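A.B. asks: Following this message is one structure expressed as structure tokens.
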Amino acid sequence: MNLIKPKVVRILKPTKASIEKLKVTVLVEDSVNVKKPNLIPKHGLSLLVETKLAGVDSRFLMDAGPGPDIALRNAGMIDIDMKKIDSMMLSHGHYDHTGALLQVLKHIDHSIPIIAHPNVFSPKFAYKPALTSIGIEFDQPAIKAAGGELLLTRDSIALLNGVLSSGEILRKTYFENTKGFWTVECNNLIDDTVSDDQALFINVRNKGLVILTGCAHSGIINTVRQAKRVTGIENVYAIIGGFHLEQANDERLQKSIKELKEIYLKRIYPCHCTGKKAISQLTKSFGDFCIPINTGDSIEF
Ligand SMILES: [Zn+2]
Ligand SMILES: [Zn+2]
Numbered sequence: 022m023n024l025i026k027p028k029v030v031r032i033l034k035p036t037k038a039s040i041e042k043l044k045v046t047v048l049v050e051d052s053v054n055v056k057k058p059n060l061i062p063k064h065g066l067s068l069l070v071e072t073k074l075a076g077v078d079s080r081f082l083m084d085a086g087p088g089p090d091i092a093l094r095n096a097g098m099i100d101i102d103m104k105k106i107d108s109m110m111l112s113h114g115h116y117d118h119t120g121a122l123l124q125v126l127k128h129i130d131h132s133i134p135i136i137a138h139p140n141v142f143s144p145k146f147a148y149k150p151a152l153t154s155i156g157i158e159f160d161q162p163a164i165k166a167a168g169g170e171l172l173l174t175r176d177s178i179a180l181l182n183g184v185l186s187s188g189e190i191l192r193k194t195y196f197e198n199t200k201g202f203w204t205v206e207c208n209n210l211i212d213d214t215v216s217d218d219q220a221l222f223i224n225v226r227n228k229g230l231v232i233l234t235g236c237a238h239s240g241i242i243n244t245v246r247q248a249k250r251v252t253g254i255e256n257v258y259a260i261i262g263g264f265h266l267e268q269a270n271d272e273r274l275q276k277s278i279k280e281l282k283e284i285y286l287k288r289i290y291p292c293h294c295t296g297k298k299a300i301s302q303l304t305k306s307f308g309d310f311c312i313p314i315n316t317g318d319s320i321e322f
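If you want it as structure tokens, here you go:
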């Protein structure tokens, strides 16, 4: 008999460490509304995270963005030295978040840890309209050769005290689903739930949790609930990233907004795959607290 091991998310003890200063910069995302004329937008996402804790500066990269080297070129345009990155997290294995990974690693020119879910390399497909491969375009040895030390785990991992990867996100809500993606199992093309989807949770002093999502394929509400569960912190200050609500029906949009309102979320910074309709609904509900962000934008906490 084939026994399937249950997926377990390890619950970490609440971290007391809180980040004194946080700056998040959009190195690339979809919108043509870029900050400077030379910046290049492209479908995908790469966010640079800069922190100060106990007076020490650290830098993290969430996703490398689409190929070939747009995140790097944009970083150069806004005077960011990408060589100083300490570690990376891949939000999931889609090409628009991983396409530039090898170029970024080679540029960093020292070995860095890359946190990702074990399924990040699983086959990934979508109909666009023909069946297309949308996964990572290179293998693990290529990543190692470029200087990436892969740390593949379903658990939440601290990149720094106060900066945690989500681990595998529990899917609890009934109104958030992942449709439109495909994978292969036992020679069959089946629905891909994108179980490798992860987010980044940052505990910011005097504010609360700041949550960074890649595409939020697990659902933005499932992601927010995971943040509280993993950190033990109830106060969610801001969400930043792609919320994957482009195809969301009205029920999903309304239920998501209702729950975000109930947790007294203070700021929403949507971009990438959030979708125009969702952004306009979020703006209607949150007013000036909903601030769409584009390539070249920085947010400071
Ligand atoms: Zn995706
Ligand atoms: Zn994406």
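22 is the number of the first residue of the sequence shown in the numbering used here; add one for each residue after it.
A virtual CB, placed ideally from N, CA and C, is assigned to each residue, including glycine.
No experiment lies behind these values; they were computed from the predicted model shown.
Would you say Asp218 and Ile178 are within 8 Å of each other, going by their C-beta atoms?
C.D. replies: No, these two residues do not count as a Cβ contact at 8 Å.
A.B. asks: For a test of the three-state rule: what should DSSP assign to Leu24, helix, strand or coil?
C.D. replies: Residue confidence for Leu24 is low, a pLDDT of 44 falling below 50, so the modelled location carries little weight and cannot support an answer.
A.B. asks: Less than 8 Å between the C-beta atoms of Gly317 and Ile99, yes or no?
C.D. replies: It is a contact, given that the beta carbons lie within the stated cut-off.
A.B. asks: Can you find at least 3 beta carbon pairs, one from the region 256-263 and one from the region 284-303, that sit closer than 8 Å?
C.D. replies: Yes, they touch.
A.B. asks: Within 7 Å: the Cβ of Cys311 and any heavy atom of ligand 1?
C.D. replies: Because no heavy atom of ligand 1 lies under 7 Å away, the Cβ of Cys311 does not count as near it: no.
A.B. asks: Return the Cβ separation of Ala38 and Asn224 in integer angstroms, given the expectation that the two are a contact with Cβ distance under 8 Å.
C.D. replies: The pair is a contact, with the Cβ atoms about 7 Å apart (cut-off 8 Å).
A.B. asks: Can you tell me whether DSSP reads Lys42 as helix, strand or coil?
C.D. replies: Here Lys42 sits in strand by DSSP.
A.B. asks: Ordered along the chain, which non-local residues of its own chain (more than five positions away) have a Cβ less than 7 Å from that of Ile155?
C.D. replies: Excluding residues within five positions, the ones whose Cβ falls inside 7 Å are His115, Tyr116, Lys145, Phe146, Ala147.
A.B. asks: Lys1: which of Pro150, Asn95, Gly88 sits nearest, CA to CA?
C.D. replies: With the chain covering only 22 through 322, there is no way to say anything about residue 1.
A.B. asks: When the Cβ atoms of the region 41-59 are set against those of the region 243-250, are three or more pairs found closer than 8 Å?
C.D. replies: Judged by Cβ distances under 8 Å, the region 41-59 makes no contact with the region 243-250, as fewer than three pairs qualify.
A.B. asks: Can you give me the start and stop residues for the alpha helix (DSSP H) that Asp117 sits inside?
C.D. replies: Here the alpha helix (DSSP H) through Asp117 covers 116-119.
A.B. asks: Do you know how far the Cα of Lys305 is from the Cα of Ala93?
C.D. replies: Here residue 93 turns out to be Leu, not Ala, going by the sequence shown. Leu93 and Lys305: Cα-Cα distance of roughly 35 Å.
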